[in-house]
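K.L.:
I'd like to ask some things about the structure below.
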Amino acid sequence: GAVVSQHPSRVICKSGTSVKIECRSLDFQATTMFWYRQFPKQSLMLMATSNEGSKATYEQGVEKDKFLINHASLTLSTLTVTSAHPEDSSFYICSARDVLTSGHPKSSYNEQFFGPGTRLTVL
Amino acid sequence: RKEVEQDPGPFNVPEGATVAFNCTYSNSASQSFFWYRQDCRKEPKLLMSVYSSGNEDGRFTAQLNRASQYISLLIRDSKLSDSATYLCVVDTYNFNKFYFGSGTKLNVKP
Chain P
2 GAVVSQHPSR
12 VICKSGTSVK
22 IECRSLDFQA
32 TTMFWYRQFP
42 KQSLMLMATS
52 NEGSKATYEQ
62 GVEKDKFLIN
72 HASLTLSTLT
82 VTSAHPEDSS
92 FYICSARDVL
102 TSGHPKSSYN
112 EQFFGPGTRL
122 TVL
Chain Y
2 RKEVEQDPGP
12 FNVPEGATVA
22 FNCTYSNSAS
32 QSFFWYRQDC
42 RKEPKLLMSV
52 YSSGNEDGRF
62 TAQLNRASQY
72 ISLLIRDSKL
82 SDSATYLCVV
92 DTYNFNKFYF
102 GSGTKLNVKP
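Chains P and Y, in that order, give the protein sequences. The numbering used here runs 1 ahead of the 1-based position in the first sequence. The numbering used here runs 1 ahead of the 1-based position in the second sequence.
Listed below in structure tokens is the structure:
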């Protein structure tokens, strides 16, 4: 299957600093990438949909000024957590859809490929 | 009401057992359905897509009931390596985003 990478895999930072997380599709192009957050013992919650060349679409309750998303190319999206606080500590996961198959009515073609996640700890 | 609902478990079963998980979804216009597997502190990985006619992949069988809006996953001959959290995932009608269930935890014991 397609490969998505994330960097860094783990970050520990002080409260008030900003953290940038990169998500890359390594062997395919993705017009759309997704950013999720997962707290312990909970499921993935979609934060925002990142569209190449346009503004991200944020889910209700997610502050766009705090979670800055940039999707500058078909293989790279970045999430910047600005002025991080301890409550932002979580597992952040990105995913991507292959531009060649997005929107295909057959179920398997809508698969999202997930990155390995970034574990953020804010002290 | 949540978009996707699952029994969180845990399901504790012995090796070789057959176990079934169900999941319900609220949006009747949903088009795509998946089961993902997530190991502890790892990203989700696709286990199988779920087709209207039902589909099987080795020991795993997925079923979709559109009338009742539920999806099932059957695991036969459970292995220790099947221990994980199984996530039911439903795509919106315009294939735009996934809704995840809370996951069902499976523990297969020797």
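Where is the CB? At the ideal position from N, CA and C, for every residue including glycine.
What do you get for P/Thr-79, buried or exposed, if any count of 16 or more other CB atoms within 10 angstroms of its CB means buried?
P.N.:
By the 10 Å Cβ count, P/Thr-79 comes out buried.
K.L.:
Would you mind telling me which residues of chain P sit closer than 7 angstroms to Y/Gly-55, beta carbon to beta carbon, in chain order?
P.N.:
Per Cβ cutoff of 7 angstroms: no residues; Y/Gly-55 is ~12 angstroms from chain P at best.
K.L.:
Against chain Y, does P/Thr-83 count as a neighbour if the rule is that its beta carbon must be under 8 angstroms from one of theirs?
P.N.:
No, P/Thr-83 lies away from the interface with chain Y (no Cβ there is under 8 angstroms from its Cβ).
K.L.:
Let me check one thing: in DSSP terms, what residues is P/Lys-42 bridge-paired to?
P.N.:
Partner(s): none; P/Lys-42 has no beta bridge.
K.L.:
Comparing alpha-carbon positions, which option in Y/Val-90, Y/Tyr-26 and Y/Val-14 lies nearest Y/Ala-68?
P.N.:
That would be Y/Tyr-26, whose Cα lies nearest to the Cα of Y/Ala-68.
K.L.:
Identify the contact partners of Y/Gly-102 in chain P, using a Cβ-Cβ distance below 7 angstroms as the criterion.
P.N.:
Near Y/Gly-102 (Cβ distances below 7 angstroms), the residues of chain P are Ser-44.
K.L.:
Hey, does Y/Pro-45 have any beta-carbon neighbour from chain P nearer than 8 angstroms?
P.N.:
Output row for Y/Pro-45: interface = yes.
K.L.:
Quick check on the burial criterion: 16 or more other C-beta atoms within 10 angstroms. Buried or exposed for P/Ile-22?
P.N.:
When all chains shown are included, P/Ile-22 counts as buried.
K.L.:
How would you call P/Arg-25, buried or exposed, if buried means at least 16 neighbouring beta carbons within 10 angstroms?
P.N.:
P/Arg-25 should be labelled buried.
K.L.:
Looking at the C-beta of Y/Phe-12, does it have a partner C-beta in chain P at a distance below 8 angstroms?
P.N.:
Output row for Y/Phe-12: interface = no.
K.L.:
Taking all protein chains shown into account, do 16 or more other C-beta atoms lie within 10 angstroms of the C-beta of Y/Pro-45, making it buried, or fewer, making it exposed?
P.N.:
Y/Pro-45 is buried by the Cβ-count criterion.
K.L.:
Look at the alpha carbon of P/Asn-52 and the alpha carbon of P/Thr-32, and state the distance between them as a whole number of angstroms.
P.N.:
C-alpha separation (whole angstroms): 6 angstroms.
K.L.:
When you measure from the CB of Y/Ser-27 to every non-hydrogen atom of the ligand GDP, does any distance come out below 7 angstroms?
P.N.:
The ligand GDP is absent from the structure shown, which contains no ligand whatsoever.
K.L.:
Suppose you measure from the CA of P/Val-20 to the CA of Y/Ala-18; what does that come to, to the nearest Å?
P.N.:
Distance between the alpha carbons of P/Val-20 and Y/Ala-18: 45 angstroms.
K.L.:
Going by other Cβ atoms of all chains shown within 10 Å of its Cβ, with 16 needed for buried, is Y/Cys-24 buried or exposed?
P.N.:
Label assigned to Y/Cys-24: buried.
K.L.:
Quick one: what's got a C-beta closer than 7 angstroms to Y/Ser-40's C-beta in the same chain, skipping five residues either side?
P.N.:
It should be pointed out that residue 40 of chain Y corresponds to Asp in this sequence rather than to Ser. These residues qualify, in order along the chain: Ala-85.
K.L.:
Give the DSSP-derived three-state secondary structure of P/Ser-74 in the structure shown.
P.N.:
Strand at P/Ser-74.
K.L.:
Where does P/Ser-91 fall in DSSP's three states?
P.N.:
Three-state DSSP puts P/Ser-91 in a strand.
K.L.:
By the criterion of Cβ-Cβ separation under 8 angstroms, what are the contact partners of Y/Leu-88 in chain C?
P.N.:
Any reference to chain C falls outside this structure, whose protein chains are P and Y.
K.L.:
Tell me whether the beta-carbon of P/Phe-35 lies closer than 8 angstroms to the beta-carbon of Y/Lys-106.
P.N.:
Cβ distance not < 8 angstroms, so P/Phe-35 and Y/Lys-106 don't count as in contact.
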